[in-house]
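Let me begin by presenting the structure, written as structure tokens, before commenting on it.
Chains as they are written, first to last, in my numbering: chain A, 432 to 718; chain B, 3 to 329; chain C, 19 to 284.
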């Protein structure tokens, strides 16, 4: 039973990683833009959820929806005014810009709300435990696993079955070719950037119980988001899904077994994996 | 036949120019002018050395890395572990040991990591650094773990100059001397054909292959030398402060040195000097008073630099000079 | 200069024994798309050979296969009788193959002089030297100056490449290739982008190339082709369509048919 509960715990945190990182994966695959500020959108989402629940009395689900919309709108504004200027810039410039943006967001949150860690008060229907027959486990974690799986399914269907999904996939595979057959890659990117950041916001709010929520969030988890994207393969939703689950479970287990420095194995494994397969689990070679 | 004016210009640029003595004169002057700020000054010198090492890989070889603190930390922990566990407290040999260990780490990780490019490379540099950080956390028996190893003390330099815990006099001059020695090496490398080929690799990788240069070997070698120098910086840091902990391997330090180098101007040798002095003076005065406002300002500054001033302070000066000289 | 004497001795030896550069049944496909189809090709020492063909025929791909930028799906590339098919680009350059690119590949932030110095230094095996500054190595700077003089680039030697007009940049591209002192020189559309007022500089440079090196030019400018070439190969859809002297090619009706327009009416 211990094994199963550990597995469930790991899957739950993996799902949070997935929900936050999937947007980053698609935008990086689409535009090749190194967005180190992605975690900041997750953080902002978390803060919107906390604030709207605490001060406006919004129920949890509504707060998540608000977080999604608010952050997606902010993302559109930032993308059109600032990010778009750096699409042709060097990798170094993109790194610098997004680090700067993270600092700004962290500072603004610290100034506006304060440096303390924030707690999300879960609605009563997520409280307590659920009896699955063979094990009783935290309802919240089970709900996360369910939510992540549903999202994965929805995204997969969206990419495989809709026209927009097809355009995104085509542009990720070969942007120039897609442009030459008339795909408006610029508009596509704004859309996916908004969606991806909105999803990150939901992940930030949904996962606050597990990953915590404080101004240092974007930098603390930066490496994990990047690892999940790189290992999963840029632009590959299924790849990000499995990579996130893998990292989630590994991290959960390692933190229990080797509380001091256990995560070094995650970094070591990532190194070995990316050297053998730099395109990720499902990525295509020579992109 | 060195008739072409361009040839003479090139030769002149590679010879020593008079104003290159200025930073060192300033460094010595600071010793006498600011006797109460020598501990801060020592940290500035260490940071200059660290940024200089980063310039070799980033500014010249064009390798974008967020993990350079891995080598700073490798050097720092080498000196710390040698002192705490083996009673090896002679500073100069400690520097050599730190350079060797950090250089070896750089050689191995460079050989492994430089097969990739772009985001994957960036990721792998981060991973290497995080790996070392967590390893130091795990083997806390050796490293002191999260708390690190405080209270290290070292023998006098060359047996004569004691480390002055109160005023940092010998630390400052020690750091200045080490910086000078390393700078001589870096300057020599940068103007040599090896250094020019690194610039070529940065400017046009395909072309470098097409002129028959052994690109990967050059990159790995530059990476290893840069790592060794970063390790020396870490070692001087521990010698001067007597303390080493996990922060020497952290993202904060790696991001910080990257910011400093960009701020000063990368690929220009002296950008490290300008960036470190400006940044640390500003940080020292502003950050203590208003830490969050400092972070906000720094973030905005970085965004502006990325958009409008990617060549840093020295780049701005260059641009202004060009504007004034063409009427 | 003993180097030239040594090279001409080797050149006449190559002429006696076989081709300097040769491909045998060279094939390359990307999935279902075959871009090089059983190409058999010979380049003798001292050759002046042109490669022509309609757009998309695979001419640049062929050069990429010759230089090692692309690895073939099957077949061999031989340099002076030695199989170099598995050798990466940089190693082939060291064995004596140099090329220019269809689109300039230069060190745009560096000066013209520095661009050529990098190539010359690599050739002189001083590229990895760490002790003496590059600007003080007169053997390198002298040779670079000589090449710049030959291509009438001396006035621009101190200017950054990015500041030069495209046509002059094209000449720098050629200076770099010459700086490698190759035995085989592959020029990919060297005239493209050079304004007609300056094309004589290019023509003079090509005419002045050492007689023992083998030169292959890809070109669309038929004037240049017929003035320069002793042999012409026509490539269509990745396969050798025709080969012969300029006169034979000009008279070949099928070649005219395959080439759109009156490009061949020389």
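Backbone N, C-alpha and C fix where the C-beta goes; we use that ideal spot for every residue, glycine too.
With 16 other Cβ atoms within 10 Å as the buried cut-off, status of residue i
{"i": "residue 248/C", "result": "exposed"}
{"i": "residue 441/A", "result": "buried"}
{"i": "residue 567/A", "result": "exposed"}
{"i": "residue 258/B", "result": "buried"}
{"i": "residue 77/C", "result": "buried"}
{"i": "residue 705/A", "result": "buried"}
{"i": "residue 3/B", "result": "Any reading at residue 3/B must be qualified, since the residue scores a pLDDT of 44, below 50, and its modelled position is unreliable; no value is offered."}
{"i": "residue 446/A", "result": "buried"}
N- and C-terminal bounds of the beta strand (DSSP E) containing residue i
{"i": "residue 259/C", "result": "257-262"}
{"i": "residue 164/C", "result": "Unbroken run through residue 164/C is the alpha helix (DSSP H), 156-168; no beta strand (DSSP E)."}
{"i": "residue 351/C", "result": "The question about residue 351/C has no answer, for chain C in this structure spans 19 to 284."}
{"i": "residue 136/B", "result": "Note, residue 136/B: premise wrong, no beta strand (DSSP E); alpha helix (DSSP H) at 120-140."}
{"i": "residue 232/C", "result": "232-236"}
{"i": "residue 562/A", "result": "560-562"}
Whole-angstrom distance between residue j and residue i, CA atom to CA atom
{"i": "residue 200/C", "j": "residue 158/C", "result": "16 angstroms"}
{"i": "residue 430/A", "j": "residue 637/A", "result": "The first residue shown for chain A is 432 and the last is 718, placing residue 430/A beyond what the model contains."}
{"i": "residue 199/B", "j": "residue 172/C", "result": "22 angstroms"}
{"i": "residue 652/A", "j": "residue 189/B", "result": "38 angstroms"}
{"i": "residue 511/A", "j": "residue 505/A", "result": "10 angstroms"}
{"i": "residue 727/A", "j": "residue 556/A", "result": "Missing from the structure shown is residue 727/A; chain A here goes from 432 to 718 and no further."}
{"i": "residue 214/C", "j": "residue 188/C", "result": "13 angstroms"}
{"i": "residue 233/C", "j": "residue 55/B", "result": "44 angstroms"}
{"i": "residue 100/B", "j": "residue 101/C", "result": "46 angstroms"}
{"i": "residue 552/A", "j": "residue 576/A", "result": "19 angstroms"}
{"i": "residue 82/B", "j": "residue 287/B", "result": "30 angstroms"}
{"i": "residue 32/C", "j": "residue 62/C", "result": "Residue placement at residue 32/C cannot be trusted, given a pLDDT of 48 that sits under 50; what the coordinates show is reported in the next sentence. Rounded to whole angstroms, residue 32/C to residue 62/C spans 7 angstroms at the Cα level."}
{"i": "residue 2/B", "j": "residue 491/A", "result": "Residue 2/B falls outside the range modelled here, since chain B spans only 3 to 329, and no answer is possible."}
{"i": "residue 588/A", "j": "residue 191/B", "result": "55 angstroms"}
{"i": "residue 601/A", "j": "residue 692/A", "result": "41 angstroms"}
{"i": "residue 68/B", "j": "residue 280/B", "result": "21 angstroms"}
{"i": "residue 282/B", "j": "residue 171/B", "result": "19 angstroms"}
{"i": "residue 229/C", "j": "residue 195/B", "result": "30 angstroms"}
{"i": "residue 58/B", "j": "residue 528/A", "result": "22 angstroms"}
{"i": "residue 208/B", "j": "residue 216/B", "result": "12 angstroms"}
{"i": "residue 87/C", "j": "residue 106/C", "result": "7 angstroms"}
{"i": "residue 149/C", "j": "residue 322/B", "result": "33 angstroms"}
Where residue i meets chain B, residues with beta-carbon distance less than 7 angstroms
{"i": "residue 112/C", "result": "214"}
Host alpha helix (DSSP H) of residue i (start-end)
{"i": "residue 188/C", "result": "184-197"}
{"i": "residue 241/C", "result": "240-246"}
{"i": "residue 570/A", "result": "570-592"}
{"i": "residue 65/B", "result": "From DSSP, residue 65/B is part of no alpha helix (DSSP H); its letter is neither H nor E."}
{"i": "residue 205/C", "result": "From DSSP, residue 205/C is part of no alpha helix (DSSP H) but of the beta strand (DSSP E) over 202-206."}
{"i": "residue 422/A", "result": "Residue numbering for chain A in the displayed model covers 432 to 718; residue 422/A lies beyond these limits and cannot be assessed."}
{"i": "residue 249/C", "result": "Note, residue 249/C: premise wrong, no alpha helix (DSSP H); beta strand (DSSP E) at 249-254."}
{"i": "residue 623/A", "result": "616-637"}
{"i": "residue 536/A", "result": "522-543"}
{"i": "residue 655/A", "result": "653-663"}
{"i": "residue 96/B", "result": "93-115"}
Contact set between residue i and chain A, taken where Cβ atoms lie within less than 9 angstroms
{"i": "residue 151/B", "result": "Neighbours of residue 151/B on chain A: none; closest Cβ ~16 angstroms, over 9 angstroms."}
{"i": "residue 117/B", "result": "706, 709"}
{"i": "residue 312/B", "result": "520, 521, 523, 524, 527"}
Cross-chain neighbours of residue i in chain C, by beta carbon under 7 angstroms
{"i": "residue 209/B", "result": "123, 124, 125"}
{"i": "residue 13/B", "result": "153, 154"}
{"i": "residue 323/B", "result": "By Cβ distance, chain C contributes nothing, its closest Cβ being about 15 angstroms from residue 323/B, past 7 angstroms."}
{"i": "residue 8/B", "result": "129, 131, 175, 176"}
Interface partners of residue i on chain A, CB under 8 angstroms
{"i": "residue 139/B", "result": "691, 692, 695"}
Chain B residues whose Cβ lies nearer than 8 angstroms to that of residue i
{"i": "residue 194/C", "result": "209, 213"}
Under 7 angstroms by beta carbon: chain A residues contacting residue i
{"i": "residue 184/B", "result": "Simply none; closest approach about 24 angstroms."}
Within chain C, the residues that residue i reaches when beta carbons sit closer than 9 angstroms
{"i": "residue 201/B", "result": "125, 127, 128, 132, 136"}
{"i": "residue 62/B", "result": "Correct list: empty, because the minimum Cβ distance to chain C is about 12 angstroms."}
Threshold first: 4 residues or longer. Then list the alpha helix (DSSP H) segments lying entirely within the stretch 61-120 of chain C, N to C.
Secondary structure remark: continuous alpha helix (DSSP H) runs of at least 4 residues inside the stretch 61-120 of chain C, in chain order: 77-85, 107-113.
Continuous alpha helix (DSSP H) assignments of at least 4 residues falling wholly in the stretch 457-488 of chain A:
Runs of the alpha helix (DSSP H) spanning 4 or more residues and lying entirely within the stretch 457-488 of chain A occur at 469-486, in chain order.
Segments assigned alpha helix (DSSP H), at least 4 residues, entirely inside the stretch 276-321 of chain B
Whole alpha helix (DSSP H) segments, 4+ residues: 293-310.
Any beta strand (DSSP E) of 3 or more consecutive residues that is wholly inside the stretch 165-216 of chain B
List check, beta strand (DSSP E) in window: nothing returned.
What are the uninterrupted segments assigned as alpha helix (DSSP H) that are 4 or more residues long and contained completely in the stretch 666-699 of chain A, given in chain order?
Fully enclosed alpha helix (DSSP H) runs of 4 or longer: 668-688.
Which full runs of the alpha helix (DSSP H) of 4+ residues lie inside the stretch 37-88 of chain B, going along the chain?
40-56, 71-88, all fully within the stretch 37-88 of chain B.
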